[in-house]
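When the sequence shown is numbered by the working numbering, its final residue is 496 and no position is left out of the sequence of numbers. Glycine included, C-beta positions come from ideal geometry on N, C-alpha and C.
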Amino acid sequence: MARKRDTIVLFPSASSDSANQRSVIEKTAEQQLHISNPQNIDISSGDASFLWNQVCTIIKDNVSSQVYKTWFELIKPLSWSDLLLTVEVPSQFFVEWLEEHYNDLLRKSLNHVAGENSQLQYEVVVRKGDSSLEDRTIRLPAFKNTPASATQPALPFSGNTHAVVSDSHEFLSSLNQRYVFENFIRGESNQLAASAAYAVAENPGKTRFNPLFIYGGTGLGKTHIAQAIGNHLLQKNPSAKVLYTNSERFTIEYVQAIQNNKVNEFTNFYRSIDVLIIDDIQFLGGKEKTQDHFFHTFNALHQAGKQLVLTSDKPPKDLLDLDARLISRFQWGLTADIQAPDFEMRMAIIQKKSQDEGFEIPSDVAEYIARNITGNVRELEGTLIKLMAKISLDSREIGLDLAKEVVRGIAGISKQQLSIHEIALEVASYYQVPVELLSGKTRKHEIVIARQMSMYLAKSLIGTSLKGIGLHFGGRDHTTVLHSCQTIDNYLCHDVKVRAALDVLKKSLTHR
Ligand code: ADP
Ligand code: MG
């Protein structure tokens, strides 16, 4: 079958955009690569499949089996020459997802197997079931242009105010160009947020929607819409100083500015921005000094008629660990929520996204998915990708049977998505200790073991980053968490009680 080939350059790695995504990113960025069976491989004798198998062995050690099945099993090695490994993937979205979440892991694994200078290239082959239509092939370089450590976008404030602000708005903006109004599907559940966002993008700082505060559950499009404002603005006015960031990056930068005696520069940098978009503002909770600094930044920008856009998982009044004066300012403009999409909108999303990827989904299949995947848009996207991958890579017929199989898999995965809090509750009940003590300072033996066990399970069952675990359990340092996990590992070698506890807990947590 004839294939059209094309080469395009992938824009710089996308931004982290939700608590969930962030935890995956942190996981791959912070974690040392775990290699259970290091071996010397003679890559000169290997072909693409051999090499890819070696890379996969490492990847398997570093992600859960569901993640491996969903993303890595579907990749097919094509060729290996001149230190360039080319692999086939089923859609452009697939590439973006890999780049956003597993870029660092892929790079490290390939470099480990094939040497520091090895590169990965994706070949997107969208196969049309209908032979009258051409397959579509696009080549995309993986981590080629990405700095070694960049799974997270660079921090916008580098300490050198002038260089950053005046030279390159693209660097400054940190926007992902995939998130635009044109591909944001509107429905009753997001109508107000989408209209207000568009109004703000047309007239930043000049509407009554300042700040524009968008809130809603995970995967419902908050990051998409917030970034669409920035992208729209920059398209109309490329010299506008638009910055997209999130409250965690803002906090890290502020702390670094204090450490490096650059608070004045930091302050000036943020006050020079025309449109400041801060995603996931809820993570400012409990960070009093940063909140205080942000309060003054907010006031300065607002007074100067600059636009502020904030997103959060809850409405302002429910942000309990945020300073009351900040909460009141968040309510000065417009607060708009995004709800879960209704059935009609889920149908529209399925149809639009599949068409964009070059697939025709029969209406009974679309309806089946829309009736069964009801949580959020991210899950719908995941289902579609899996479906498209099965059609193009496994040459499966598109039909209800396949849709049922995919939906079953996706539903299985979300069922298994435990939270760190659920783990702590289960462990506390097993050891019969109050769960809140796990986050406290008590050094009593049964509390310490329950705390260590919870940390160990959070790491091994859901892959939370050491930093994330530390934060959950009373703001402990990541080295303390590492030590706790190692302690449990040691116990497992010689302590039957701990072994038995782990067995029981693992069973109850994974067979819920
Ligand atoms: P949130 O920030 O609320 O967790 P995101 O903005 O990251 O959610 O959205 C999750 C995914 O779903 C993204 O890939 C986004 O493009 C997509 N998405 C969400 N809502 C819509 C929509 N209304 N139309 C098109 N895509 C959407
Ligand atoms: Mg988000």
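Exposed or buried, what is residue i when buried is set at 16 or more other beta-carbons lying within 10 Å of its beta-carbon?
i, result
"residue 58", "buried"
"residue 192", "exposed"
"residue 483", "exposed"
"residue 442", "buried"
"residue 222", "exposed"
"residue 187", "exposed"
"residue 463", "exposed"
"residue 319", "buried"
"residue 39", "buried"
"residue 387", "buried"
"residue 184", "buried"
"residue 418", "exposed"
"residue 436", "buried"
"residue 54", "buried"
"residue 481", "exposed"
"residue 379", "exposed"
"residue 338", "buried"
"residue 469", "buried"
Just the Cα atoms here: how many angstroms apart are residue i and residue j?
i, j, result
"residue 229", "residue 296", "13 Å"
"residue 36", "residue 160", "29 Å"
"residue 272", "residue 50", "38 Å"
"residue 475", "residue 487", "13 Å"
"residue 43", "residue 197", "39 Å"
"residue 194", "residue 317", "4 Å"
"residue 48", "residue 402", "13 Å"
"residue 61", "residue 96", "17 Å"
"residue 391", "residue 46", "25 Å"
"residue 492", "residue 411", "10 Å"
"residue 104", "residue 66", "11 Å"
"residue 98", "residue 71", "15 Å"
"residue 64", "residue 79", "19 Å"
"residue 88", "residue 82", "10 Å"
"residue 458", "residue 422", "8 Å"
"residue 216", "residue 56", "34 Å"
"residue 370", "residue 93", "24 Å"
"residue 471", "residue 220", "57 Å"
"residue 409", "residue 467", "21 Å"
"residue 359", "residue 245", "45 Å"
"residue 431", "residue 424", "9 Å"
"residue 91", "residue 167", "30 Å"
"residue 287", "residue 461", "39 Å"
So residue i and residue j are in contact, right, with Cβ under 8 Å, and what is the actual spacing, rounded?
i, j, result
"residue 372", "residue 74", "5 Å"
"residue 281", "residue 313", "Actually they are not in contact, since the Cβ atoms of residue 281 and residue 313 sit about 11 Å apart, beyond 8 Å."
"residue 426", "residue 394", "Rounded, the Cβ-Cβ distance is 40 Å, inconsistent with contact."
"residue 163", "residue 208", "5 Å"
"residue 102", "residue 69", "7 Å"
"residue 414", "residue 306", "34 Å between Cβ atoms; not a contact."
When the Cα of residue i is compared with those of the options, which residue comes out closest?
i, options, result
"residue 52", "68, 273, 85 and 76", "85"
"residue 76", "302, 455, 341 and 436", "341"
"residue 384", "394, 374, 348 and 411", "348"
"residue 407", "445, 432, 157 and 374", "445"
"residue 202", "288, 48, 364 and 89", "364"
"residue 350", "70, 173, 66 and 336", "336"
"residue 199", "175, 344 and 454", "175"
"residue 416", "78, 485 and 376", "485"
"residue 361", "389, 325, 374 and 370", "325"
"residue 304", "93, 270, 421 and 246", "270"
"residue 235", "434, 220, 182 and 277", "277"
"residue 284", "179, 375, 219 and 252", "252"
"residue 377", "108, 418 and 480", "108"
"residue 309", "287, 275, 299 and 298", "275"
"residue 327", "100, 171, 165 and 31", "171"
"residue 158", "167, 218 and 166", "218"
Within the same chain, show all residues whose beta-carbon is closer than 6 Å to that of residue i, passing over the 5 residues directly before and after it, in chain order.
i, result
"residue 261", "210, 214, 228 and 293"
"residue 332", "169"
"residue 258", "224, 225 and 290"
"residue 404", "442, 448 and 456"
"residue 189", "289, 290 and 291"
"residue 465", "439, 450, 453 and 454"
"residue 181", "209 and 213"
"residue 375", "382"
"residue 343", "372"
Measure from the C-beta of residue i to each C-beta in chain D and report whether the shortest distance is under 8 Å.
i, result
"residue 207", "In the displayed structure, chain D is absent; only one protein chain is listed."
Can you give me the Cβ contacts of residue i inside the same chain, cut-off strictly under 7 Å, excluding the 5 residues immediately before and after it?
i, result
"residue 322", "173, 174, 177, 198, 200, 204, 205 and 206"
"residue 334", "345, 350, 353, 354, 364 and 368"
"residue 231", "262, 264, 265, 267 and 268"
"residue 165", "182, 212 and 216"
For the ligand COA, any of its heavy atoms closer than 7 Å to the Cβ of residue i?
i, result
"residue 298", "Looking at this structure, you won't find the ligand COA anywhere; what it does contain is the ligand ADP and the ligand MG."
For residue i, collect the residues of the same chain with a Cβ closer than 8 Å to its Cβ; drop the 5 residues on either side in sequence, then sort them by chain order.
i, result
"residue 311", "300, 301 and 303"
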